[in-house]
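Asker: The listed protein sequences derive, respectively, from chains C and S. Positions 628 to 985 (this note's numbering) are the ones given, in order, by the first sequence. Positions 68 to 541 (this note's numbering) are the ones given, in order, by the second sequence. Can you read through this structure? Questions will come right after.
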Amino acid sequence: MPALRYITLIAGVFFLLYLTTFAISFWAYPDTNERILDTKDARATIFGTPPRYVAYKAAAIASVPGSKYLIIGGSPALLGFRPHRLSSELGAPTHNLSLDSPDMSELALEIRLLCDSLPPERLKKTTLILGLDYLQFLDPHRRWTSGVSELENELGRFGLYSDIEARPHPRFGRPVHTALVMLLRPWMMIAAVYDHSILPILMSAKNMARFAIGDPVFSFSIYNSQTAAVLSDAEKKSSLTMWRNFMGDGVPLNPEQFAALADTVRYANLKGIRLAIVDLPIPAWHRDALPYNASYEKLKAGALTGTASMKNVIQIDLTSMDDEKNFFDSVHPTDMAAQDWERRVADKLLEFQGPEAE
Amino acid sequence: MRLDSAQFLLLAFTAVLFFRLAGRTGRSAVIALASFAFLASFARTPLFLVPIVVFVLLGYCALLLASRYPQSAVLTMLVAFFVTLFVWIKHYSIISNLPSLPFAYSTVGLSYLLFRVLHLIVDVSQAVMRRPGFASYFNYMFFLLSFSSGPIQRYGDFQDQMEQEPVPLAIDDINTAIDRILLGYFLLTIVDACFQWIFAKLSVRFIAGLAMGDLSPRAFTVFSGLAPVYMMHVYVNFAAYMHVIIGIGLMMGLRLPENFNHPLAARNFFDFWNRWHITLSEWFRDYMFNPLLKALLSGPAPANMAPYLASIVFFATFGVIGLWHGTSFAFVVLGLLFGSGASINKLWQTALANHMGRPRYKALQQQRWYIQAARSLTLSYIAVALTCVWITPQTLVWLLTPRGVLLGIGTTAVLTMLGIVSGYLWEARPHFRLPNIGVRTPILAGTWRAILIFTVLSLALAVNAASDIIYKDF
Numbered sequence: 628m629p630a631l632r633y634i635t636l637i638a639g640v641f642f643l644l645y646l647t648t649f650a651i652s653f654w655a656y657p658d659t660n661e662r663i664l665d666t667k668d669a670r671a672t673i674f675g676t677p678p679r680y681v682a683y684k685a686a687a688i689a690s691v692p693g694s695k696y697l698i699i700g701g702s703p704a705l706l707g708f709r710p711h712r713l714s715s716e717l718g719a720p721t722h723n724l725s726l727d728s729p730d731m732s733e734l735a736l737e738i739r740l741l742c743d744s745l746p747p748e749r750l751k752k753t754t755l756i757l758g759l760d761y762l763q764f765l766d767p768h769r770r771w772t773s774g775v776s777e778l779e780n781e782l783g784r785f786g787l788y789s790d791i792e793a794r795p796h797p798r799f800g801r802p803v804h805t806a807l808v809m810l811l812r813p814w815m816m817i818a819a820v821y822d823h824s825i826l827p828i829l830m831s832a833k834n835m836a837r838f839a840i841g842d843p844v845f846s847f848s849i850y851n852s853q854t855a856a857v858l859s860d861a862e863k864k865s866s867l868t869m870w871r872n873f874m875g876d877g878v879p880l881n882p883e884q885f886a887a888l889a890d891t892v893r894y895a896n897l898k899g900i901r902l903a904i905v906d907l908p909i910p911a912w913h914r915d916a917l918p919y920n921a922s923y924e925k926l927k928a929g930a931l932t933g934t935a936s937m938k939n940v941i942q943i944d945l946t947s948m949d950d951e952k953n954f955f956d957s958v959h960p961t962d963m964a965a966q967d968w969e970r971r972v973a974d975k976l977l978e979f980q981g982p983e984a985e
Numbered sequence: 068m069r070l071d072s073a074q075f076l077l078l079a080f081t082a083v084l085f086f087r088l089a090g091r092t093g094r095s096a097v098i099a100l101a102s103f104a105f106l107a108s109f110a111r112t113p114l115f116l117v118p119i120v121v122f123v124l125l126g127y128c129a130l131l132l133a134s135r136y137p138q139s140a141v142l143t144m145l146v147a148f149f150v151t152l153f154v155w156i157k158h159y160s161i162i163s164n165l166p167s168l169p170f171a172y173s174t175v176g177l178s179y180l181l182f183r184v185l186h187l188i189v190d191v192s193q194a195v196m197r198r199p200g201f202a203s204y205f206n207y208m209f210f211l212l213s214f215s216s217g218p219i220q221r222y223g224d225f226q227d228q229m230e231q232e233p234v235p236l237a238i239d240d241i242n243t244a245i246d247r248i249l250l251g252y253f254l255l256t257i258v259d260a261c262f263q264w265i266f267a268k269l270s271v272r273f274i275a276g277l278a279m280g281d282l283s284p285r286a287f288t289v290f291s292g293l294a295p296v297y298m299m300h301v302y303v304n305f306a307a308y309m310h311v312i313i314g315i316g317l318m319m320g321l322r323l324p325e326n327f328n329h330p331l332a333a334r335n336f337f338d339f340w341n342r343w344h345i346t347l348s349e350w351f352r353d354y355m356f357n358p359l360l361k362a363l364l365s366g367p368a369p370a371n372m373a374p375y376l377a378s379i380v381f382f383a384t385f386g387v388i389g390l391w392h393g394t395s396f397a398f399v400v401l402g403l404l405f406g407s408g409a410s411i412n413k414l415w416q417t418a419l420a421n422h423m424g425r426p427r428y429k430a431l432q433q434q435r436w437y438i439q440a441a442r443s444l445t446l447s448y449i450a451v452a453l454t455c456v457w458i459t460p461q462t463l464v465w466l467l468t469p470r471g472v473l474l475g476i477g478t479t480a481v482l483t484m485l486g487i488v489s490g491y492l493w494e495a496r497p498h499f500r501l502p503n504i505g506v507r508t509p510i511l512a513g514t515w516r517a518i519l520i521f522t523v524l525s526l527a528l529a530v531n532a533a534s535d536i537i538y539k540d541f
């Protein structure tokens, strides 16, 4: 058999495998055209995880004209602001693109990615709602084994983005980018299966699922349950131990993360985008038992110096909602409390007169 | 451009396609264009690659000089000039007070460019070979498959293959090439990713612990795990890269030199370097060790001093090999450790041969226990020495204190013991053959390889944890 025919055979079988997997991906993860993007749904989509959902799906927000709100933060913001309800309250499409346990650098990267995907005229009609708590200001080397955030990792996965560390942007124009994301469906599906089926087995086998060990209530339950719970003293103690291990007992909060916050505020101001910084509450028993809050407030105030004079930046303080009945674990709000968060934020945002597009 | 990126594969296979289609003269143009595209991918600013390009252009000027003035004084001056230029561009810490270039620039591949340019200057000056033409020189220096991380192919070997009529691609060649590339990507994206993950997980806590004065048995245990894991990370990462580029070379019809030959089976320090980064070892043997030893032996020293002079030259050669890996103080320590390892090994061989007599010493070298012990000690020593590459400068300073040295010696001893036990267990492993799954017919073989390609690609994209080629930074 001549070499050319042999190569054609290999290419042909490869293509058949590709087509089969491509077809299976539509059966396993039917394509949907959500009007509202919500990273809470990421696991049910072919993107599998919130960072991958943001990296390969969020470009869709650019195609919708008019005002819009983008919620960005960690899992408390993910559960605390349900986008469909907020869309009704605010009268404009609201997308929740929060990530799981991000740090501020990762959120800053996400904000740049999202803002760069919007044309300037739409950017000025966009409001970013940035949910903050001290958990986002950890040393990235403690947060991620390699020191590289999950979003950065996702942006590098398929080679569709360039300049990932500084200012990530798609290598190709939107039609080509969208087509390539579609063509990559087989490997998106395989990555999702790996993340949901194989990785947890590897992790538990290696006894590395720190959340699951430390916090019996948390236990990745954020996607399943948002009902009220009264934590026992033993559960609170266990949660506090988990957070101490996660944050590093005696390890100070990372100054680079506060610098990233300051940079993000400057960036939003420069771009003319409206930014609502929401100070999220954590239960008083959690906040008062750990040593981070005082230094967090001090460093955050330093990072946000000058914010008051910025017309397009507003700060919304929800930290007084720290009663334990508002939380179903050590950080995440119950659904009732979330509705309260949403109302308060919506009221403030509707009052907020940021600079509109000309 | 990373070697595990889609861009590199696209570029490489486009080059393979056009290289195969082009005639003998067109092939040089294909290599030049592909190499230029690869080089350009590293350019972040217009000036980013200027030092590298100027270095290569100066290299050609030096070749003109060397061919015209073949005197040894000129050769010495040219070699000294390029080594100095290299040290200055790389901005070694020993010259950190000297002014550097006032713009950001890349040094990717510079170490390998130095080896190539010195090889050409020496060989042209000594009339071992004729001066290459500029186009051939450019292609040799910037050849996309070996530019960033080797192998250090000799010009004659490279040019002979470029000038030969392309050999028609046979099915066996395709299979070998695909197998090498797939093995490389599997090692890089899965096996190396595991080593890297374990290393990253352990090293952060170990370094933080040492910084806080943690010298507990746990820290010792962690270090005993970290040192071999890092060595395996380096080995698998570099070996994987070699598999990929050798495979792509085979598709082109070019045979790149092998850089590894089962280094974990090495029986002593020198054997290790004959099996690990082979082209680097051979380069140092030909252009540093042999000339230095020859110069020393031509002096007034008596003949029975030869082994001791050799141990001095080994110290110098391996010291430079260690120093070559990086620009900071850590690599001076690495050089000292490599140099000491080589000269102590040579002195041990000499002393034992003198004491026992050569026949008995040779018999001892064939003993299983001696082979296992020597192999384990060699690998453990190198694993511990490589700590210099990954440890923070502050922690390295601590490791150089008496307690740190004790930690290093203790770890080497423990790893040697474990290595001996592992060696015996490895030898005693049950041997079995994989069942023949009938991939002898071309249709089955081709189908099997297509499935493998899809599987490895899927695994690589799903795990998404490959690290860049470590040797690119050296």
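Glycine included, each C-beta is placed from N, C-alpha and C at the ideal position.
Name, going along the chain, the residues of the region 447–466 of chain S whose beta-carbon falls closer than 8 Å to a beta-carbon of chain C.
Answerer: none
Asker: Using a Cβ cut-off of 8 Å, pull out every chain S residue sitting near C/H768, in sequence order please.
Answerer: Taking the first residue of the first sequence as 1, we reach residue 768 of chain C at position 141. Simply V271.
Asker: Figure out for me which residue from C/W814, C/P910, C/T805 has the closest Cα to the Cα of C/K952.
Answerer: The count along the first sequence starts at 1 and reaches residue 952 of chain C at position 325. Per the C-alpha coordinates, the member of C/W814, C/P910, C/T805 positioned closest to C/K952 is C/P910.
Asker: Going straight from the alpha carbon of C/I828 to that of C/A819, what length do you get?
Answerer: Your numbering for residue 828 of chain C matches position 201 in the first sequence. Your numbering for residue 819 of chain C matches position 192 in the first sequence. Taking the straight line joining both Cα atoms gives about 14 Å.
Asker: Out of curiosity, what's the CA-to-CA distance linking C/F885 and S/G276?
Answerer: Counted from its first residue, the first sequence places residue 885 of chain C at position 258. Counted from its first residue, the second sequence places residue 276 of chain S at position 209. Cα to Cα, the separation comes out at about 26 Å.
Asker: Can you find a C-beta in chain C that's less than 9 Å from the C-beta of S/R322?
Answerer: Counting from 1 along the second sequence, the entry for residue 322 of chain S is found at position 255. Judged by the 9 Å Cβ criterion, S/R322 is not in contact with chain C.
Asker: I'd like to know if S/F105 contacts chain C, where contact means its C-beta is closer than 9 Å to some C-beta of that chain.
Answerer: Residue mapping note: residue 105 of chain S aligns to position 38 of the second sequence, counting from 1. No, no contact with chain C.
Asker: Return the CA-CA distance between C/Q966 and C/A704, expressed in angstroms with no decimal places.
Answerer: Mapped onto the first sequence, residue 966 of chain C falls at position 339. Mapped onto the first sequence, residue 704 of chain C falls at position 77. Between C/Q966 and C/A704, the C-alpha separation is close to 12 Å.
Asker: Among S/E232, S/V234, S/F541, which residue has its Cα nearest to the Cα of S/L390?
Answerer: By 1-based counting over the second sequence, the position of residue 390 of chain S is 323. Per the Cα distances, S/F541.
Asker: What are the start and end residues of each continuous beta strand (DSSP E) run of 3 or more residues lying completely inside the region 706–754 of chain C, in chain order?
Answerer: 721–723
Asker: For S/Q432, report the span of its alpha helix (DSSP H) as first-last.
Answerer: As a position in the second sequence, residue 432 of chain S is number 365, starting the count at 1. Residues 425–432.
Asker: Is the beta carbon of C/Y788 sitting closer than 9 Å to the one on C/R801?
Answerer: To locate residue 788 of chain C, count along the first sequence from 1; it is residue 161. To locate residue 801 of chain C, count along the first sequence from 1; it is residue 174. Taking 9 Å as the Cβ cut-off, C/Y788 and C/R801 do not qualify as a contacting pair.
Asker: Taking only three categories from DSSP, how would you classify S/V146?
Answerer: Reading the second sequence from its first residue, position 79 is the one you call residue 146 of chain S. Three-state DSSP puts S/V146 in a helix.
Asker: Are there 16 or more other CB atoms within 10 angstroms of the CB of C/G823, so buried, or fewer, so exposed?
Answerer: Within the first sequence, the letter at position 196 stands for residue 823 of chain C. The sequence given here has His at residue 823 of chain C, not Gly. Its Cβ having fewer than 16 others within 10 Å, C/H823 is exposed.
Asker: To the nearest angstrom, report how far apart C/D790 and C/E777 are at their CA atoms.
Answerer: One-based indexing of the first sequence puts residue 790 of chain C at position 163. One-based indexing of the first sequence puts residue 777 of chain C at position 150. In this structure, the CA atom of C/D790 is about 16 Å from the CA atom of C/E777.
Asker: Specify, as a first and last residue, the run of the beta strand (DSSP E) that C/I825 falls within.
Answerer: Sequence index remark: in the first sequence, residue 825 of chain C carries index 198 (1-based). Run containing C/I825: none; DSSP gives neither H nor E here.
Asker: Going by other Cβ atoms of all chains shown within 10 Å of its Cβ, with 16 needed for buried, is C/L858 buried or exposed?
Answerer: Translated into positions along the first sequence, residue 858 of chain C becomes position 231. C/L858 is buried by the Cβ-count criterion.
Asker: Which two residues bound the contiguous alpha helix (DSSP H) that contains C/A911?
Answerer: The residue given as residue 911 of chain C occupies position 284 in the first sequence. First-last of the alpha helix (DSSP H) with C/A911: 911–916.
Asker: Taking S/S216 as the reference, give the member of S/A377, S/L414, S/N326, S/Y204 with the closest Cα.
Answerer: Residue 216 of chain S sits at position 149 when you count from the first residue of the second sequence. Per the Cα distances, S/N326.
Asker: Is C/L572 near C/A916, with beta carbons less than 9 Å apart?
Answerer: Only positions 628 to 985 of chain C appear in this structure, which leaves residue 572 of chain C out of reach.
Asker: Output, in chain order, the set of chain S residues within a Cβ distance shorter than 9 Å of C/W968.
Answerer: As a working mapping, residue 968 of chain C is identified with position 341 in the first sequence. What C/W968 touches in chain S: nothing, since even the nearest Cβ is about 34 Å away.
Asker: Any beta carbon from chain C within less than 9 Å of S/S283's own beta carbon?
Answerer: Along the second sequence, one-based indexing puts residue 283 of chain S at 216. No - not a single Cβ of chain C is within 9 Å of the one on S/S283.
Asker: Within the continuous beta strand (DSSP E) that includes C/I699, where are the two ends?
Answerer: As a working note, residue 699 of chain C is residue 72 in the first sequence. Residues 695–699.
Asker: Is the distance from the Cβ of C/L717 to the Cβ of C/E737 below 9 Å?
Answerer: Walking along the first sequence from the start, residue 717 of chain C turns up at place 90. Walking along the first sequence from the start, residue 737 of chain C turns up at place 110. No. Outside cutoff.
Asker: Let me check one thing: in DSSP terms, what residues is C/H796 bridge-paired to?
Answerer: If you number the first sequence from 1, residue 796 of chain C lands on position 169. Its beta-bridge partners are C/S789.
Asker: Given 8 Å as the limit, tell me if S/S407 has its C-beta closer than that to any heavy atom belonging to the ligand MG.
Answerer: No copy of the ligand MG occurs in the structure displayed, which carries no ligand at all.
Asker: Closest to S/L254 by C-alpha separation, out of S/K268, S/M299, S/I274, would be which residue?
Answerer: Within the second sequence, numbered from 1, the residue matching residue 254 of chain S stands at position 187. S/L254 has its Cα closest to that of S/M299, out of S/K268, S/M299, S/I274.
Asker: Can you find a CB in chain C that lies within less than 9 Å of the CB of S/Q74?
Answerer: For the purposes of this step, residue 74 of chain S is identified with residue 7 of the second sequence, where counting begins at 1. It does: the Cβ of S/Q74 has a partner Cβ on chain C nearer than 9 Å.
Asker: Indicate whether the contact test is met: 3 or more Cβ pairs, each with one atom in the region 205–216 of chain S and one in the region 177–186 of chain S, closer than 8 Å.
Answerer: yes
Asker: Residues in the same chain with beta-carbon distance under 8 Å from C/S728, minus the five sequence neighbours each way, listed in chain order, please.
Answerer: Working through the first sequence from its first residue, we reach residue 728 of chain C at position 101. Around C/S728: G701, S702, L762, R770.
Asker: Could you pull the start and end residues of the beta strand (DSSP E) that S/I536 belongs to?
Answerer: One-based indexing of the second sequence puts residue 536 of chain S at position 469. Annotation for S/I536: no beta strand (DSSP E) segment contains it, and DSSP assigns it neither H nor E.
Asker: Check each residue of the region 796–809 of chain C: if its Cβ is closer than 7 Å to any Cβ of chain S, include it; give the result in chain order.
Answerer: none
Asker: In the DSSP assignment, find the alpha helix (DSSP H) that holds C/V681 and state where it starts and stops.
Answerer: Here residue 681 of chain C refers to the residue found at position 54 of the first sequence. C/V681: member of the alpha helix (DSSP H) spanning 677–684, first to last residue.
Asker: Have a look at C/A928, C/P657, C/L897 and flag the residue whose alpha-carbon is nearest the alpha-carbon of C/D906.
Answerer: For this step, residue 906 of chain C is matched to residue 279 along the first sequence. Nearest of C/A928, C/P657, C/L897 to C/D906, Cα basis: C/A928.
Asker: Is any beta-carbon of chain S found at less than 9 Å from that of C/N881?
Answerer: Here residue 881 of chain C is taken as the residue at index 254 of the first sequence, counted from 1. With 9 Å as the cut-off, C/N881 does not count as an interface residue toward chain S.
Asker: Where does C/E781 land, buried or exposed, given buried means 16+ other C-beta within 10 angstroms?
Answerer: Within the first sequence, numbered from 1, the residue matching residue 781 of chain C stands at position 154. Classification of C/E781: buried, given that the 10 Å Cβ count is 16 or more.
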